[in-house]
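Number 236 marks the last residue of the sequence shown (the numbering used here); no jumps.
Where is the CB? At the ideal position from N, CA and C, for every residue including glycine.
Since the model is a prediction, treat every value here as computed from it, not as a measurement.
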Amino acid sequence: MRKPRPISLLKTVGVLLAKDLLIEWRTRARLNALIFFALATLLLFSFAVGPDTKLLARNAGGYLWLALLFASVLALGESFRVEQENLTLDGLRLAPADARAIFLSKALGNALLLVLLGALLIPVMVALYSVNVAMGVGAFATTLVLGCMAISAPGTVYSAIASNARARDVLLPLLLFPLIIPALLAAAKATSLVLQGDPMNQLGSWYWLLFGFNLIYWGLGFVLFPRVIED
């Protein structure tokens with residue numbers, strides 16, 4: 006009698022990611038909430054600063070990433086809430102597949118959601134804060150992808166940890182925000198350079214910081230996630 010072949014990691018990631026994206030597309034509740042929340046955050050920054058357009062333009066990169074960070078708490082918290090409420094996570098743990106595929110699919114799905122949200126926020130930011138993309142769309146897209154991946158990887162791990170706690174809505178930001186400060190600073194600085202220009206060639210240094218942060222936390226999440234979801 007032949008033994009069943011183990012399911013490959015990449016195939017499992019693809020199936021789980023497709024499942025999450027399909028659920029998101031059918032409901033679209035989380036995406037709609039994220040869009041309105043992030044837009045409201047950008048508007049609040051604009052109202053708080055007032056008519057000082059120079060200050061708004063100078064800090065536009067920081068405002069964008071704060072809006073994405075606050076919205077990410079909603080996205081990350083909901084990513085495991087559905088699995089817990091419907092006992093789907095227990096079924097995934099019992100499946101003959103690598104548990105690390107759950108981390109990769111969830112982290113990639115959250116990163117894609119944040120990138121999409123950031124792409125929707127950029128025109129609003131340009132209109133509200135009167136900024137121009139001095140270094141082109143390619144540099145902005147690179148910054149957005151690296152920054153969203155830096156939020157998604159540790160956020161997915163902490164979301165899995167917080168999903169079993171009673172005060173999970175409070176626990177997730179308490180765990181995530183202190184850890185994400187280096188990546189948030191690098192993303193905000195890189196975005197400011199992309200918007201205002203980079204006469205001293207500093208953009209590459211911030212990219213390397215984001216790349217190193219992603220390498221560390223995506224690697225740690227991949228290795229440690231099977232133990233995180235154990236009972």
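DSSP places A43 within a helical segment (H, G or I) once states are collapsed to three. Judged by DSSP in its simplified three-state form, D25 adopts helix. Taking all protein chains in view, the Cβ of V228 is surrounded by fewer than 16 other Cβ atoms within 10 Å, so the residue is classified as exposed.
Using a Cβ distance threshold of 7 Å, A144 and Q201 do not count as a contacting pair.
By alpha-carbon distance to G152, the top candidate from N115, L180 and L133 is N115. Per the C-alpha coordinates, the member of A146, R105 and A80 positioned closest to L15 is R105. In terms of Cβ geometry, T161 and G66 do not form a close pair [threshold 7 Å]. Look at D174 here: in three-state DSSP terms it is helix. The alpha-carbon separation between I185 and L69 amounts to approximately 15 Å. Contact check between the stretch 40–51 and the stretch 123–135: three or more CB pairs, one atom from each, fall below 8 Å, which counts as touching. Under the DSSP assignment, R232 falls in the alpha helix (DSSP H) whose first and last residues are L208 to V233.
Excluding the 5 residues flanking it on each side, Y134 has same chain C-beta neighbours closer than 6 Å at L61, A62 and A65, in chain order. Its chain contains L198 as the residues whose beta carbon lies nearer than 7 Å to that of Q207, once the 5 sequence neighbours on both sides are disregarded; these appear in chain order. Under the DSSP assignment, A155 falls in the alpha helix (DSSP H) whose first and last residues are G141 to A167.
Contact between D174 and G82 holds, with the beta-carbon distance rounding to 6 Å and staying under 8 Å. The beta carbon of L214 is closer than 6 Å to those of A191 in its chain, skipping five residues each way along the sequence. In this structure F218 does not touch P178 by the C-beta definition: roughly 18 Å separates them, more than the 8 Å allowed.
A straight-line Cα-Cα distance of about 22 Å links T147 and L22. Taken through DSSP and simplified to helix, strand or coil, G114 comes out as helix. In the structure shown, A104 falls within a coil segment according to DSSP collapsed to helix, strand and coil. Residues L176 of the same chain have their beta carbon placed closer than 6 Å to that of A170, with the five preceding and five following residues left out of the count.
A direct Cα-Cα distance of roughly 45 Å separates S168 from P204. At the C-beta level, A158 and Y222 come within 7 Å of one another.
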